[in-house]
Structures are given as structure tokens and as C-alpha cells.
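Worksheet for the structure shown next.
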Amino acid sequence: MLQETAEGLYCPGGEFFIDPWGSVPRAVITHAHGDHARAGSVSYLCVESCAPLLRRRFGVEATIETRRYGETVQLGSIRVSFHPAGHVLGSAQIRIEGPGGVWVVSGDYKRAPDPTCPAFEPIQCDTFVTESTFGLPIFHWDATADIIAELLGWWEDNRAAGRASLLFCYTLGKAQRILAELAAVTDRRVLVHGAMISMIEAYRGAGVRMLETSPLIELTRGSTCAGELILAPLLARGTPWMRRLGDFSDAFASGTMRVRGARRQRNIDRGLVLSDHADWPALLQTIRDVGASRVLATHGHPEPFARYLASQGIESGVIRTAWEGEAATQGD
Ligand SMILES: [Zn+2]
Ligand SMILES: [Zn+2]
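For the sequence shown, the positions run 1 to 332 when the working numbering is used.
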């Protein structure tokens, strides 16, 4: 059903690629993160709610065709449909059905509830291509409410001390999830780095309810950031933009913060273990839920994850990507 090629995963029966890193005639896209959706293909097919995010990344001239979740499109001998992945707005698992049976390519996914996107739906299949970004037993997430309470407590402590709270997080997915989760516990406005604005607007356009935001650079001259929460991408670290902050404490919201030493290595005050990916128990639960007779792992830690599955009597394998190491993953 699917072959590994130099451009990425290819489906010969339907003549399309899934999340290709090369430029191809037809790309079927799981979601808008940069390690899954690359510019340069002739045409794109994605779920409806993904299209506005792709447009913001690729520009208005890109050819983007959409389907609703659960709707089927026939490509050659293959029936293709998109199903919620619970990862970020517009994220989808891709189900393909043809003479080779039913395959589901998960893209990135999580099982924890997320107010910005519909929950992951387990889809029965013969072969399940699962992400394994956090496919090691050390990765285990706490309840989101506990992490949001920790974030709010950190912000409160910094306010009391007259400091700004600078929270690094990914511009697509994590930032909006944080703003949506915080909207349930506070109504304060949040300042954002300019690189955050486009995707926040896209989420608002999709009707996602989030805290009010305003760009840090629009703060009136002379006013202070003391007590404010500011969201920024890690790329903003060490840039002149930081001068505006005054005294601040910084934090990074990422599943990678679970690794011992990762926070100190980055020299960040606070690590918030908040991930948009499935943790180890959720990966294993999902593999039980979809009932696949074969599981192929990709992204992150595919080899140890596939070895573990094999040790449990599950036929497994690895699909390699062009992405290696830390830079490979967005929205972790
Ligand atoms: Zn992703
Ligand atoms: Zn990914």
C-alpha cells in the first residue's frame, strides 16, 4: 500500500505521497507542522480545518484541496479519508483502503483532551503507522490541569516578585492550547512575540476560544512587562526582542522537559512538561485500540519502540524520515 521513497511515503495505487519532504505532484497532509507539511508540491489534499494553516505557511497561490473528517475521496484504486488525531488544529490521521487492506497513518497524535481540536478517534486497521516521537517508557505526562496550575502558579510567583514570565512554546499548536487552557482559569491578557500572531489569528478564525493577546512590540513606550505572561518561540532567545522584557523568569513547554537535565542544558528556569504527542502509555493504548496486526513506527524513537512491540508479539517495523534528532520535531 505504501512505499518508502526519497521523497517520503508513497502510495502507488493512488499516486500520492503522505507528508512528503520532497516536491511531489500530489501531497496528502496529516497536519501543518513543518516536519509534515513542506512547501513546493504541485497540489495538497488535507482536512478542511488544516487548510487555513497551510495557506498561512505556503501562501495563497498553493493548490489545496480539502475534505471533512470522515469524508472519503477515491484516488486511483485507493479510498482516502481523514480522521481526528487530537494533535493540533487541523491534524488528521489518514486512512487508506485498497487491495492491500486498510492502513492508517497517524501523523502526530495525542490522547489527552485539547480544547483547540477534536479528540483522537481510534480507527480499526490492518497496518497502523504510528508516530513514536516519545516512544520510550520514560515519557509519561501528568494531567493537563496540573500542568496549567503549575504554569499559573509560576506566573503568580513572578508577578508577586515584579518579574515578567517568558514562556517559550511552539507557534503552531502549543501556544494556542496554552491560551485556550488558560482561558478556563484566568481572564488576563497575554503578550506574544510577533512570530506567534499569524497562527493565533488562524485559530481565532476557526472559532477557538483563547485568552486575549497583544503583540509585545505594541506595548506603549515606558510601560513595563513586570507581571506579564509573554509567549515566544525558542528562536526569540538571545535576540534584541528580549531587551524589552526587563527582569524575567523563563520556561519552556515541551514533552522534552521530561528528560532529566534537559531544562538545565537549555539553561531555562522552569520546564513545563506539556506535550501535543502521545506519551508511552498512550502509544501502547492506541495500538491496542486500533487492533492492527502490524505496526510501523516513525519519527523520534522508532527503533526502540518497534523492538518493544516485537517483544510483545506485535509484528512491527520502522519507517524512516528525512528528519533526525531534535530539530526534526515541531510541536513536541
Ligand atoms: Zn506535529
Ligand atoms: Zn511531527
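Beta carbons are placed, not taken as given, at the ideal position from N, Cα and C, and that holds for glycine.
Being a predicted model, the structure only gives us computed values, none of them experimental.
Which residues share a DSSP beta bridge with Val80? Within the sequence shown, numbered from 1, the residue matching residue 80 stands at position 80. Answer is Val73, Ile96, bridged to Val80.
Runs of 3 residues minimum, wholly inside the region 277-310: which ones carry the beta strand (DSSP E) assignment? 294-300
Decide if Leu9 is buried, meaning its Cβ has at least 16 other Cβ atoms within 10 Å, or exposed. Taking the sequence shown and counting its residues from 1, the one referred to as residue 9 is at position 9. Label assigned to Leu9: buried.
How about His87: is its Cβ closer than 8 angstroms to a heavy atom in ligand 1? As a working note, residue 87 is residue 87 in the sequence shown. His87: yes, Cβ under 8 angstroms from ligand 1.
Determine the DSSP secondary structure at Pro215, reduced to helix, strand or coil. Position 215 of the sequence shown, counted from the start, is the residue given in the question as residue 215. Strand, per DSSP.
Evaluate the contact criterion for the region 218-238 versus the region 68-80: three or more CB pairs, one atom per stretch, below 8 angstroms. no
Taking the straight line between their C-alpha atoms, what separation do you get for Gly246 and Ile268? Sequence index remark: in the sequence shown, residue 246 carries index 246 (1-based). Sequence index remark: in the sequence shown, residue 268 carries index 268 (1-based). So the alpha carbons of these two residues sit roughly 16 angstroms apart.
What's the gap between the Cα of Trp141 and the Cα of Val290? To locate residue 141, count along the sequence shown from 1; it is residue 141. To locate residue 290, count along the sequence shown from 1; it is residue 290. Each residue's alpha carbon lies about 21 angstroms from the other.
Pairwise C-alpha distance: Arg270 and Pro12: Start at 1 with the first residue of the sequence shown, and residue 12 comes out as number 12. Start at 1 with the first residue of the sequence shown, and residue 270 comes out as number 270. Taking the straight line from one Cα to the other gives about 47 angstroms.
What does the Cβ neighbour count give for Val47, buried or exposed, with the cut at 16 atoms within 10 Å? Here the question's residue 47 lines up with position 47 in the sequence shown. By the neighbour-count rule (16 or more Cβ atoms within 10 Å), Val47 is buried.
Threshold first: 3 residues or longer. Then list the beta strand (DSSP E) segments lying entirely within the region 165-239, N to C. 190-192, 213-215, 229-232
Gln124 in three-state terms, based on DSSP: Residue numbering aside, residue 124 sits at position 124 when the sequence shown is read from its first letter. Three-state result, Gln124: coil.
Taking any heavy atom of ligand 2 as the mark, which residues have a C-beta closer than 5 angstroms to it, listed down the chain? Qualifying residues come out as Asp35, Asp108.
Check whether the Cβ of His33 lies closer than 8 angstroms to any heavy atom of ligand 1, and answer yes or no. Counting from 1 along the sequence shown, the entry for residue 33 is found at position 33. Yes, ligand 1 has a heavy atom inside 8 angstroms of this Cβ.
Rounded to a whole number of angstroms, what is the C-alpha to C-alpha distance between Ile178 and Pro99? Here residue 178 refers to the residue found at position 178 of the sequence shown. Here residue 99 refers to the residue found at position 99 of the sequence shown. Looking at the two C-alpha atoms, the distance is approximately 43 angstroms.
Would the beta-carbon of Leu182 fall within 9 angstroms of that of Ile148? Mapped onto the sequence shown, residue 182 falls at position 182. Mapped onto the sequence shown, residue 148 falls at position 148. Cβ distance < 9 angstroms, so Leu182 and Ile148 count as in contact.
Quick one: using the 10 Å Cβ neighbour count with 16 as the cut-off for buried, is Ser293 buried or exposed? Looking up residue 293 in the sequence shown gives position 293. Ser293 should be labelled exposed.
Residue closest to Pro137, alpha-carbon to alpha-carbon, out of Ile287, Leu283, Ile94: Residue numbering aside, residue 137 sits at position 137 when the sequence shown is read from its first letter. Residue Leu283 is the option with its Cα nearest to Pro137.
Count the other CB atoms within 10 Å of the CB of Gly261; is the residue buried (16 or more) or exposed (fewer)? For the purposes of this step, residue 261 is taken as residue 261 along the sequence shown, with counting starting at 1. In the assembly as shown, Gly261 is an exposed residue. Its beta-carbon has fewer than 16 other beta-carbons within 10 Å.
Would you call the region 212-222 and the region 237-256 in contact, with 3 or more CB pairs under 8 angstroms? yes
The alpha helix (DSSP H) spanning Arg266 covers which residue range? As a first step, residue 266 is located in the sequence shown; it is residue number 266 there, counting from the start. For Arg266, the uninterrupted alpha helix (DSSP H) segment begins and ends at 262-266.
Contact between the region 123-132 and the region 189-205: three or more CB pairs below 8 angstroms? no
For Arg320 and Glu4, which I take to be in contact (beta-carbon distance under 8 angstroms), what is that distance rounded to the nearest angstrom? Within the sequence shown, residue 320 is the residue found at index 320, counting from 1. Within the sequence shown, residue 4 is the residue found at index 4, counting from 1. Right, their Cβ atoms sit about 7 angstroms apart.
Can you give me the Cβ contacts of Trp154 inside the same chain, cut-off strictly under 6 angstroms, excluding the 5 residues immediately before and after it? If you number the sequence shown from 1, residue 154 lands on position 154. Hits under 6 angstroms: Arg270.
Measuring alpha carbon to alpha carbon, tell me which residue in Gly14, Tyr44, Met1 is nearest Pro20. Here residue 20 corresponds to residue number 20 of the sequence shown, with the count starting at 1. The option with the nearest alpha carbon to Pro20 is Tyr44.
To which residues of the same chain is Thr298 closer than 8 angstroms at the C-beta, ignoring the five residues directly before and after it? Residue numbering aside, residue 298 sits at position 298 when the sequence shown is read from its first letter. Answer for Thr298: Val129, Thr130, Glu131, Ser132, Val318, Ile319, Arg320, Thr321, listed in chain order.
Could you give the distance in angstroms between the alpha-carbon of Pro113 and the alpha-carbon of Arg266? Taking the first residue of the sequence shown as 1, we reach residue 113 at position 113. Taking the first residue of the sequence shown as 1, we reach residue 266 at position 266. Approximately 28 angstroms between the Cα atoms of the pair.
When you compare each of Gly162, Val42, Ile18 to Trp103 by their alpha carbons, which one comes out closest? Numbered from 1 along the sequence shown, position 103 holds the residue referred to as residue 103. Comparing Cα-Cα distances from Trp103 to each of Gly162, Val42, Ile18, the minimum goes to Ile18.
Hey, Leu309 and Thr127: beta-carbon distance below 9 angstroms or not? Walking along the sequence shown from the start, residue 309 turns up at place 309. Walking along the sequence shown from the start, residue 127 turns up at place 127. Going by C-beta atoms, Leu309 is not nearer than 9 angstroms to Thr127.
Would the region 248-262 and the region 161-172 be scored as touching if the rule is three or more Cβ pairs under 8 angstroms? yes
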